[in-house]
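Numbering (the numbering used here), first residue to last: 5 to 126. Beta carbons are placed, not taken as given, at the ideal position from N, Cα and C, and that holds for glycine. All remarks here apply to the structure that follows.
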């Protein structure tokens with residue numbers, strides 16, 4: 005589940021997070037990661053993911069270490085480059101896990117200083 009309010013600028017770009025509030029799962033990596041923010045696509049080379057502080061492999065075919073996405077564990081997504089302007093942003097991320105197949109998630113959050121995120125349409 006997306007962690008509302010987690011979108012923030014960092015010294016190297018920006019970050020957002022997901023928090024597992026359900027059943028624990030184990031994954032060994034992700035592939036075919038596609039990330040768009042406000043319709044702008046970001047290359048996977050600029051995306052870093054960590055699950056409970058441990059890096060998640062994003063390269064296709066690369067053998068990743070098995071990591072558990074336990075209940076209460078945070079998956080952080082760091083995007084290298086420029087930060088985002090203050091205000092609302094639409095984030096869309098698609099990926100395929102080696103164990104569970106594909107998923108696409110679309111959320112709206114805000115960088116502080118702009119309008120608060122809307123709950124309409126959820």
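Sheet register partners of residue 108 (DSSP bridge): Residue 108 is bridged by DSSP to 98.
Do the region 36 to 51 and the region 72 to 80 touch if we need at least three Cβ pairs shorter than 8 Å? Per the Cβ contact rule, the region 36 to 51 is not in contact with the region 72 to 80 (fewer than 3 Cβ pairs under 8 Å).
Limits of the beta strand (DSSP E) - the one that residue 6 falls within: Here residue 6 belongs to no beta strand (DSSP E), and DSSP marks it neither H nor E.
Using C-beta distances below 6 Å, list every residue in its chain close to residue 6, excluding the 5 sequence neighbours before and after it, in chain order. The residues are 22 and 111.
Going by beta carbon distance, what residues of the same chain come within less than 7 Å of residue 101, once the five residues before and after it are set aside? The answer, listed in chain order, is 31 and 34.
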